Structure formats: structure tokens, C-alpha cells
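In what follows, a structure is listed as C-alpha cells, so that the remarks can point back to it.
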Amino acid sequence: MTAPRRLALPLAVLAWCALVIAALVLAIGPLAVPAIGLSISHASRLLGASAVLALAALWCSRGPGVLLDDLARSRTPYTATLLLLLGASGALLSSHGAVNVGGADSAGYLAQAQRWREGRLHQALPLPVPDLRDPWAQASLGTRPDASGTATVPTYPPGLPWLQAVALALGGETTAVRVLPAVAAMVALLAAWALVLPHAGPAGALLVVTCLATLPPFLFQALQPMSDVPALAAWLGAMALAARATTPTRAGAAAATMVAILVRPNLTPLVLPVLWQASLSGSARVARRGPLVILAAAVVAVLIVASVQASLYGSPLQSGYGRASELFSPTYVAENVRLYAAWLREAVPVFTRGLLAAGGLCLIWHSWRQPTWRPLSAMAVLTMALYAVYVPFDSWTYLRFVLLALAVAPVGVAVWIGRLQASRHARWTFPVTAALLLAVALPNLQLARALSVFTVRASEYRYLAAGRFVRDHLPADTVILAGQHSASAPYYSGRPVVRVDLLTPQDLAVVVSWATRAERPLALVLDEAEPAALRERLGREGLLALDWPPRAEISRPVATRIWVDADRSTYLAGGQIRTTRLTDIPRR
């Protein structure tokens, strides 16, 4: 091979990478990592550089046919694209990911992590309001009353809070809120690559990873400290490691299975496909022993979850969300089928939906012919079956429940890319793969932008701003009245909370009367949609008249306001109430 021809491959790979980055900038805007001063915003320059590099590659190879043959024989284009994809994903997570905890789940997880670190899972109700008999009124989002009704306990399974507790110990809240979700996302993508590579080769594996990395539900969850992406990473890792018949990989599969169950116990049946995968790999002796190690890890994880549930909720079969009989029912199937179909239309572009559907059908067809495909198909089908009978929800973001099935489905199409690479038409593998990658990634990212996925940081920041305002500007004995902010406001302010969204009119009167007698200020922390719903339930008089200016306001992208009860009389008497505008959304 001549020296110019040896240069052709790296030049072609650089041209492709420049084209990909330009396409990303056109699809979602500038790529930036402020922490290291990196910003890429000029797509035209990248397109020009890509064209120059491509022409240089063609000249060095002395023709497109030779260049295509070299691309087909090399893994370099696919490995380089994988690294670029991981880097771009890291840039997105760094520049757009949440920098603080927010609503029910993310704030609840981190508050639970703090409780585990302090060893105080049962915490007494904070306010001595004699006539407020419903303990739920003092249970913030992410907590629930314990069996005695005198304390609150966490709602969530222990897996993610334990990981966050470790992250808090290693690097504080930044590590738990920003680093841990990014690490989980990277692990999920690498696990998907490792899982698909033996079936579909590097080209097919890259298609699957690209589809997952740019899928709006995946991005939305990866941008905040939630359990869905860590659970996805653990299950994909367990399957990928179970397929490799060595002692270290089987130990890794067992550890990943344990983490997956601790993070999302309701998916425990997914251990069956992992065991099935392990039984098909390696020699007869390894095939017998490998599943036993994984099964033992799963049993230990189930026992840990049962022990925690018994301690917190009084029964090993009672979760923080309720009993299984309350959460799972065949009567939910019809509604869930309707909802998931609507969510797929709303949050997954047409081409990607076609890819997922075709991939799912091909996966079933491959499984019919070859036993080695069956564990993967079983994992996807079992995931969908478990959530088909789960209590329905009302937002496309709940596609997060079936991320595992969405990650696995494209494998059925990806295998055909791998077969193309092994055929006499191999020279077309890279052009076909490149076209598919762009056809999947760009609409996915454009739809994610339209769905406001990349405004997570700005949207979630209101929780931090409101909590810190209460902490820094209101008296230390302030009592918070909140619904959506009932987890984050006490977390960031240290003030007790009453769930105003759970009060009856009589309960609200009791709380106001008690606060007046005890000389405790009341601060209402409400998002823009909450006042109307509260007035409809509790009336428009008194505190909920909200006929005085708020003490503070966050105006966008979701308006949040903080009212102090004592300001009402001042304002109605002709006094002035100054409203502080909180707009300092962090860029780093």
C-alpha cells in the first residue's frame, strides 16, 4: 500500500467526523463544554473542512472504490464515530444537564441518600399541629408516613440513593447530581455497544448506540438524577457480560444484576433473560456455573429489598409506592397500549419508529431461527409486558419505563448491517451505515429540542432558586406550603413543609390558625399552574386569594412564585412589597 493511500483512511474518517459535528450543530445548536472553554458553533466551517478532507482522501486513494474498500475493511470509522458520539453526549450532558435536584423524584432520591448517610430513615413529623391529623400533609414528595403515622420514611427503592450516597461522600452534591447521571449514560451506551457487537459487528452496534443516545426519552432522563438510565445501564451491562464466558465477566454480570434489582425492583423478572443468556455461553461447565452466580446475586438483592421494605413499610411485600396488587393489574393493559402508542408518536420521529418496529420484528424472526437471539428478545418482550400491566401515567416522559425495550429493538435491523459487511457488497457498508446514522440521529435530536429536552437545566433550576431564597431571605422559623416544591424546598432551605396540595379546606384553616398562634411565618412556594388548582379545591378566600405581590419570582421557563402570608396585610394596608426576580440560571 502506497503512502498516500495509507493517509486516505484517516482523512476520510476526519471528514466524516467533521460532517457529523456540523450536522449536530445544525440540529440542536452550538455544542459547548463551558467548564473547559470548548464551544463549536460554526457548522459552515465544519462542512467546508469536511469537504476538503473528503477530497483529499479521494485523491490519496486514487478513486472512490478503493476508499470504500478500505473503509469496509477497517473498524476505525466505527470506533472513531463511537468515541465522537460519547464525546458529544458528554458535551450535551455537561452543558444542558440539571445542576440541582428538582421535583418529586430527583429531590426525593437525593434526600433519601442523605437519610441513608445519616442513618435516620425514620424522621419525626416536623410540626406539632394538634388538629392536623393526616400525616401525609407533612410528608414531602418522595416520602410517606411510616406505620405509626408519627414519622416519614423514603418512598424509593434503595439502589439509586445508595449510589448517590457514595457520590455525595466522594464529591458532594455536584458528583451525585451531575457526574453520576453522566457516568450512567456512558455506561449504558458502552454496554449497548458490547452487547450488540458480537451479533451485528461494529457498524450494526454503532447504529444501535446512536439510536439510543439520541432518543428523546433517553436524553431527558440522562440529563437529570433519576433511576431510569442507571437501571438501563445495569441491565444492558448484565446481558453483555453474561454473554461472555469468563469468571470476571460472570462476576460482573452478577454485580450488574444486583444493582439493577436494587435500583428498580419491579423489573426483577428480567433476571430470567440474563440467566438464559449466561446458560447459552461457554462450555457446559461454565454454562452450568455461570447462571448460579447470577442467580445468587439476584436472590441477595431481592432479600435486601425485602428487608428494607419490611423496615420502612412494615411488610417485605409493601413498597414505598404501595402494594403490588395496587400497582399491577391486567385491567391497565388497554389504557397503557393506547398511551404508549400515543407517546411513541409524540416523542419518537417517524423514521426511528419505523426502525424500532422493523428491528423488533426482525429480532423475533432471528429468535425463531437461532436460540442465541432468544434471551435478548425475551428481555425486550418482558419489559413491555411488565409495564403493560403497571399503573398508567400521563406524559410521554414515561417512555423511560421501556427504555430497555427501545434500546434492544434496533438490534434486529443492525444485524443486517453486519451481514452486509461480511458479504461481497461490503464496500457499501460504511455509506449505508452513515446514511442510517444521520437519518436516525438528526430527527431524534430535532424532536428532543422541540420537546424542550435541552431546557432541563433552566427548568429544574427554579427548585434550587426557590429553596435558597427561602433559606437566605425568610425567617428561620418559616413553614413552607408547597406541592411540586415540597421535596426540593425543604431540601435546600432546611425549613419544614406542609403539602398544601393534600389539605382539605378544614386542614388549611387549622394550619393557618396554628401558625398565627405560634407566630410562624407561612411561605407559599407554587409553580404557575398550582394556584388555580388549589383555589378550585380550597376556595379563593384568605391565604389562597394571593391578592398581593409575591416576595420572589422565577419567570421562565416555568414561573414559580413565593408568597409570604404576613405580606398580605401590609399590602392591603397600602404598603409596598418588593418582588425579587430570580434569573441567575447557571451556565456551567
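Going by the numbering used here, 497 is the number at position 506 of the sequence shown; the sequence numbering is gapless.
For glycine and all other residues, C-beta sits at the position ideal for the given N, C-alpha and C.
This one's a predicted model, so the numbers in the text were calculated from it and none came from an experiment.
Under DSSP, proline 145 shares a beta bridge with Thr134.
Listed in chain order, the non-local C-beta contacts of proline 383 below 8 Å within the same chain comprise Tyr323, Glu326, Asn327 and Leu330, local neighbours out to five positions each way being set aside. A direct Cα-Cα distance of roughly 14 Å separates alanine 196 from alanine 413.
From the listed residues Pro55, Gly150, Gly313 and Gly403, the smallest Cα separation to glycine 192 is found for Gly403. A contact is defined here as three or more CB-CB pairs under 8 Å, and the segment 475 to 485 meets this definition with respect to the segment 455 to 466. If you look at aspartate 518, you'll find it in the beta strand (DSSP E) that goes 513 to 518. Residues of the same chain with a CB within less than 8 Å of the CB of threonine 166, apart from the 5 flanking positions on each side, are Ala158 and Leu159 in chain order. DSSP links alanine 115 through a beta bridge to Ala142. In terms of Cβ geometry, valine 16 and leucine 22 form a close pair [threshold 8 Å]. Around the beta-carbon of arginine 486, 16 or more other beta-carbon atoms lie within 10 Å, marking it buried. The segment 267 to 346 is shown to contain whole alpha helix (DSSP H) runs of 4 or more residues at 275 to 304, 315 to 318 and 324 to 338, in chain order. DSSP places alanine 467 in the coil class of the three-state scheme, outside both helix and strand.
The alpha-carbon of leucine 442 is positioned some 42 Å away from that of glycine 566.
Sequence-distant Cβ neighbours of valine 341 in its own chain, meaning closer than 8 Å and more than five residues away, are Pro434. From the listed residues Ile545, Ala98, Tyr381 and Ala42, the smallest Cα separation to glutamate 317 is found for Tyr381. Scanning the segment 208 to 251 from its first residue to its last, the whole alpha helix (DSSP H) runs of 4-plus residues come out as 219 to 233. In the three-state scheme derived from DSSP, where H, G and I count as helix and E and B as strand, valine 549 is classed as coil. For leucine 442, the three-state secondary structure derived from DSSP is coil. The three-state secondary structure of leucine 472, taken from DSSP, is strand.
Contact between the segment 82 to 97 and the segment 281 to 293 is absent: fewer than three C-beta pairs spanning the two stretches fall below 8 Å. Annotated as distal: proline 68 and valine 170, with beta-carbon spacing of 8 Å or more. As the crow flies, the alpha-carbon of aspartate 137 is around 10 Å from that of glycine 311. Counting other Cβ atoms within 10 Å of its Cβ, glutamate 544 reaches 16 or more and is therefore classed as buried. When beta bridges are read from the DSSP output, leucine 22 appears opposite Ile31.
The shortest C-alpha to C-alpha distance from isoleucine 471 to any of Leu517, Ala6 and Pro496 is the one to Leu517.
Counting C-beta pairs with one atom in each stretch, the segment 178 to 190 and the segment 53 to 69 have fewer than three that are closer than 8 Å, which means they do not touch. Going by DSSP, arginine 490 is part of the beta strand (DSSP E) stretching over 488 to 490. Secondary-structure assignment with DSSP links tyrosine 482 through no beta bridge to anything. Boundaries cannot be given for arginine 415, as no alpha helix (DSSP H) includes it and DSSP labels it neither H nor E. Residue environment for arginine 106: buried (at least 16 other C-beta atoms within 10 angstroms of its C-beta). In this chain, the alpha helix (DSSP H) harbouring leucine 74 covers 67 to 87. Following the DSSP letters along the chain, one finds tyrosine 378 inside the alpha helix (DSSP H) bounded by residues 365 to 379. About 5 Å separates the beta carbons of alanine 289 and threonine 248, which is inside the 8 Å limit, making them a contact pair. In this structure, alanine 176 and leucine 84 form a Cβ contact; the two beta carbons are roughly 6 Å apart against a cut-off of 8 Å. It is roughly 12 Å from the alpha-carbon of leucine 49 to the alpha-carbon of leucine 62. Straight across, the Cα-Cα distance linking alanine 173 with leucine 534 is about 42 Å.
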